[in-house]
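Data first, discussion second: the structure below is written as structure tokens.
2 protein chains.
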Amino acid sequence: MVKKTSMKDIAQDVGVSIALVSYVLNNQKENRISKEVAIKIREAARRLNYQPNQIAKSLKTNKTYTLGLIVADISNPFSSSLARIIENEADKFNYTVLFGSSDENPQRLQKLIDTLLNRQVDGLIIAAPEGSEAQLTALQQRIPFVLIDRYFPNLSTNYVALDNYKSIYTGVQHLVDSGYRRIGLISFATDLFHVSERKRGYRAALKDNQITISKAWINELGQATYTGEMAKSIQELLSGKQPVNAILFASNALALHGLKQLNALGVSVPDDVAVLSFDEAEAYDLFHTPVTCIRQPLADMGQMATRLLIDIIQKNNRTTQVNLDAELIIRASTRPVQTLATAD
Amino acid sequence: MVKKTSMKDIAQDVGVSIALVSYVLNNQKENRISKEVAIKIREAARRLNYQPNQIAKSLKTNKTYTLGLIVADISNPFSSSLARIIENEADKFNYTVLFGSSDENPQRLQKLIDTLLNRQVDGLIIAAPEGSEAQLTALQQRIPFVLIDRYFPNLSTNYVALDNYKSIYTGVQHLVDSGYRRIGLISFATDLFHVSERKRGYRAALKDNQITISKAWINELGQATYTGEMAKSIQELLSGKQPVNAILFASNALALHGLKQLNALGVSVPDDVAVLSFDEAEAYDLFHTPVTCIRQPLADMGQMATRLLIDIIQKNNRTTQVNLDAELIIRASTRPVQTLATAD
DNA sequence: ATAAATTATTTAATCGTTTAAACAGCTGTA
DNA sequence: TACAGCTGTTTAAACGATTAAATAATTTAT
Numbered sequence: 001m002v003k004k005t006s007m008k009d010i011a012q013d014v015g016v017s018i019a020l021v022s023y024v025l026n027n028q029k030e031n032r033i034s035k036e037v038a039i040k041i042r043e044a045a046r047r048l049n050y051q052p053n054q055i056a057k058s059l060k061t062n063k064t065y066t067l068g069l070i071v072a073d074i075s076n077p078f079s080s081s082l083a084r085i086i087e088n089e090a091d092k093f094n095y096t097v098l099f100g101s102s103d104e105n106p107q108r109l110q111k112l113i114d115t116l117l118n119r120q121v122d123g124l125i126i127a128a129p130e131g132s133e134a135q136l137t138a139l140q141q142r143i144p145f146v147l148i149d150r151y152f153p154n155l156s157t158n159y160v161a162l163d164n165y166k167s168i169y170t171g172v173q174h175l176v177d178s179g180y181r182r183i184g185l186i187s188f189a190t191d192l193f194h195v196s197e198r199k200r201g202y203r204a205a206l207k208d209n210q211i212t213i214s215k216a217w218i219n220e221l222g223q224a225t226y227t228g229e230m231a232k233s234i235q236e237l238l239s240g241k242q243p244v245n246a247i248l249f250a251s252n253a254l255a256l257h258g259l260k261q262l263n264a265l266g267v268s269v270p271d272d273v274a275v276l277s278f279d280e281a282e283a284y285d286l287f288h289t290p291v292t293c294i295r296q297p298l299a300d301m302g303q304m305a306t307r308l309l310i311d312i313i314q315k316n317n318r319t320t321q322v323n324l325d326a327e328l329i330i331r332a333s334t335r336p337v338q339t340l341a342t343a344d
Numbered sequence: 001m002v003k004k005t006s007m008k009d010i011a012q013d014v015g016v017s018i019a020l021v022s023y024v025l026n027n028q029k030e031n032r033i034s035k036e037v038a039i040k041i042r043e044a045a046r047r048l049n050y051q052p053n054q055i056a057k058s059l060k061t062n063k064t065y066t067l068g069l070i071v072a073d074i075s076n077p078f079s080s081s082l083a084r085i086i087e088n089e090a091d092k093f094n095y096t097v098l099f100g101s102s103d104e105n106p107q108r109l110q111k112l113i114d115t116l117l118n119r120q121v122d123g124l125i126i127a128a129p130e131g132s133e134a135q136l137t138a139l140q141q142r143i144p145f146v147l148i149d150r151y152f153p154n155l156s157t158n159y160v161a162l163d164n165y166k167s168i169y170t171g172v173q174h175l176v177d178s179g180y181r182r183i184g185l186i187s188f189a190t191d192l193f194h195v196s197e198r199k200r201g202y203r204a205a206l207k208d209n210q211i212t213i214s215k216a217w218i219n220e221l222g223q224a225t226y227t228g229e230m231a232k233s234i235q236e237l238l239s240g241k242q243p244v245n246a247i248l249f250a251s252n253a254l255a256l257h258g259l260k261q262l263n264a265l266g267v268s269v270p271d272d273v274a275v276l277s278f279d280e281a282e283a284y285d286l287f288h289t290p291v292t293c294i295r296q297p298l299a300d301m302g303q304m305a306t307r308l309l310i311d312i313i314q315k316n317n318r319t320t321q322v323n324l325d326a327e328l329i330i331r332a333s334t335r336p337v338q339t340l341a342t343a344d
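Protein chains in written order, with full-length UniProt numbering: chain A, 1 to 344; chain B, 1 to 344.
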């Protein structure tokens, strides 16, 4: 390996002090430095292929121009799409991104936070796992951070998230408007606020349409253990006393598994049952019927979170909380019921 | 924000020199340091919530314990799965991962390399874009790196990749063995070695089975511009003078678009045409027929690349080149032809 | 011609660590 | 009693930059 060029090398090459090199290469004190020397220094820097040592710079300035991104699992498309957007946005402001996956585990989150803080990141963007309130509270006096996707209503932190209540409400209203009144929900068993908001939106929309929810319609599966549970849930929804004619999946992972099960059971969409999914996925394209979905404004979310964080780092101001609206993409899986018009 | 505790703070608190604090917290000179002082120092470190400043450490030791990962696009499932595996593996050795997306663009690659080098990463893992040979050659004397997924046969670099020739050969042989002899290939128009190896494997397997390839069977699409081209390609393959009865897709992105088109055209798989895909994707699960595919050993690839890189960083030895074998996952999309047995 | 003002450059401290070398206080031995 | 050899600890330089303050060199004003 070839040794890297430092300012010292340039200073020696040109025959000036290190300070002068620093001033020239950082375009400081421009009117005080003789043109000829400045040119010589720049020429030497180019010739010796000088690359500033960001580590040394950071030690002195206490800024690393690095952001930490903590997602649940970088291999999940939701996380990796977000990562890509954040990477791009950060790059515009000359920031680099360090990432880590928390696996929805608060201990692992704490470990990542410590690692990233040791590396002196300037700020963090976090998709917080369930039960991480204590960590986040402690973090507030250590470093600027912005929560993304999920937040805790009783914690006064910066966040950029979706208005989950409204999004689901709109989706359910669309189902009702399309003639579906027996609507099942398949969601996660979790206390995460954004998930419970989805349930709340579902309940409210049905209530506002004078539809009484049967208990059997709400299915909450344990994280990770889907496959078996999903099959059971779907069969129960379709065969109970009050079989549903529409199913709302509360996330893309759930929808993916759900659609797979519908395929396996030979259920026809939307003739046997309509399907509405939270989140979009390229995978849905391969399903026999295009799937209506609630599309999150991922690009906005990532960009806003990144800009907000950089803003806070640079100006150190206020707490900002953003709730974005989702977009309902209507496709054939929620085709209006033909047989009879809605009672409405 | 609360000021971070430094070794100086601990030293003052306990009333010893900074050096002693360093020795104790790094478990050095253990037999030379009095137990009582060591205990006091550790206690103070805990009490003041000391976290080492990795930046200062790095400046002194010239090691950042950071790896740079450059993929084509972190939002692509192939890249993000790899990223997750590399993150996990690196973590085992106390390394952190900085990532960037090159967008298959050598200029952008160069920019990322410079940024990552400024940040003094200890090594790089790179999925190299087409036309980046010059950059990589120059990089060889700057920093240790390992190529992943793709490599250049005329460049003597470390790499961990797939034996693409063999993988495709095996896949085609399976098609032939299942009774398909008119096999189309849909691939990318690119000079990347790993892609051309796939074509070579396809050709060789057909030749070895005494099958003459019709020119029309090989379709190479421009990157990114699929959708239109894909529809055209598939229609031509299915309707030419020598219509194919099997299609081999050279990547998961191609397969995804291809399957979508097959759906749109109402083509039945495998009755009208068999389908074999390179790479696996969760999305395939939603296709009406389970898809036979060539599964890359992603976990092995990521782990080996990471370990190899760390090994090189720490011991600075030899050039290592690894070609891994793929696994053929046989599913219904290549069900053996029923009507007549193979001539063989 | 000399002081004052301006211009160009250097000195030196600093960021938070690491680590070789120096030093101080003991103990044991010749 | 002197000094060699331990043990425990400190000193100080270094990593590669930044930057306030000092200094040197030149020009302008008087």
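The beta-carbon is built from N, C-alpha and C at its ideal position, and this holds for glycine as well.
Assign residue i to buried or exposed, taking buried as 16 or more other Cβ atoms, counted over all protein chains shown, within 10 Å of its Cβ.
i      : result
B:V275 : buried
A:Q235 : exposed
B:N252 : buried
B:K3   : exposed
B:M230 : buried
A:D149 : buried
A:P336 : exposed
A:A341 : Its pLDDT being 47, under 50, A:A341 is placed unreliably by the model, and the measurement read from it follows with that caveat. Exposed, because fewer than 16 other Cβ atoms sit within 10 Å of the Cβ of A:A341.
A:S156 : exposed
A:K315 : exposed
B:G123 : buried
Please list, in chain order, all residues of the same chain as residue i whose beta carbon is under 6 Å from its beta carbon, the five residues on each side excluded.
i      : result
A:Q321 : Y159
A:A216 : G240
A:T292 : L276, I330, R331, S333, T334
Can you pull the chain B residues whose beta carbon is under 9 Å from the beta carbon of residue i, in chain order?
i      : result
A:Q107 : Residues of chain B passing the Cβ test: none, with the nearest at roughly 14 Å.
A:Y284 : A283, L286
A:A45  : Chain B residues near A:A45: none, gap ~14 Å exceeds 9 Å.
A:L59  : N53, I55, A56, S58, L59
A:Q256 : The identity of residue 256 of chain A in the sequence shown is Leu, whereas the question assumes Gln. Chain B residues near A:L256: E282, A283, D285, L286.
Work out the CA separation of residue j and residue i for me, nearest whole Å.
i      : j      : result
B:N88  : A:Q107 : 15 Å
B:F287 : A:G240 : 28 Å
B:A11  : B:N31  : 20 Å
B:D272 : B:N245 : 7 Å
A:S268 : B:V176 : 35 Å
B:I213 : B:L206 : 7 Å
A:S58  : B:I313 : 23 Å
B:R307 : B:T96  : 13 Å
A:A255 : B:N26  : 50 Å
A:G258 : B:N62  : 51 Å
B:Q242 : A:L248 : 46 Å
B:D344 : B:R182 : Bear in mind that the predicted position of B:D344 carries a pLDDT of just 44, short of 50, making it too unreliable to give a figure here.
Applying a beta-carbon distance threshold of less than 8 Å, which residues of chain A neighbour residue i?
i      : result
B:G302 : Those within 8 Å of B:G302 in chain A number zero; the least Cβ separation is about 10 Å.
B:E87  : I74, F99, G100, S101
By the criterion of Cβ-Cβ separation under 9 Å, what are the contact partners of residue i in chain A?
i      : result
B:N245 : What B:N245 touches in chain A: nothing, since even the nearest Cβ is about 21 Å away.
B:P290 : Result: empty, since nearest Cβ-Cβ is about 10 Å, beyond 9 Å.
B:T64  : I55, R119
Check the Cβ of residue i against every Cβ in chain A and list those closer than 7 Å, keeping chain order.
i     : result
B:T96 : L98, T115, R119
B:D73 : R84
B:S80 : I74, S75, S80
Given residue i, which residues of its chain have a CB within under 8 Å of its CB, disregarding the five upstream and five downstream residues?
i                      : result
B:L109                 : I70, S102, I126, A128, P129, S132, Q135
residue 382 of chain A : In the structure displayed, chain A extends from 1 to 344; residue 382 of chain A sits before or after that span and is not available.
B:S34                  : none
B:I41                  : I10, V14, V16, L20, V21, V24, L25
A:F152                 : A128, E133, L136, F193
What in chain B is Cβ-close to residue i, meaning under 7 Å?
i                      : result
residue 385 of chain A : Only positions 1 to 344 of chain A appear in the structure, and residue 385 of chain A is not among them; the question remains open.
A:K260                 : D285, L286
A:P52                  : N118
A:N31                  : The premise fails here: A:N31 is roughly 28 Å from chain B at the closest Cβ pair, so nothing lies under 7 Å.
With a CB to CB cut of under 7 Å and the five nearest residues on each side skipped, what residues in its chain are close to residue i?
i      : result
B:A250 : L185, I186, S187, F188, V195, R198, F278
B:L262 : I234, V269
Practice prompt. Jot down the residue ranges of each uninterrupted alpha helix (DSSP H) in the UniProt domain "HTH lacI-type" (5-61) of chain A, minimum 4 residues, whole runs only, in chain order.
Written response: Whole alpha helix (DSSP H) segments, 4+ residues: 7-14, 18-25, 35-47, 54-61.
Item to complete: Please go through the stretch 96-125 of chain A and give each complete beta strand (DSSP E) segment of 3 or more residues, from N-terminal end onward.
Response: You should have 96-101.
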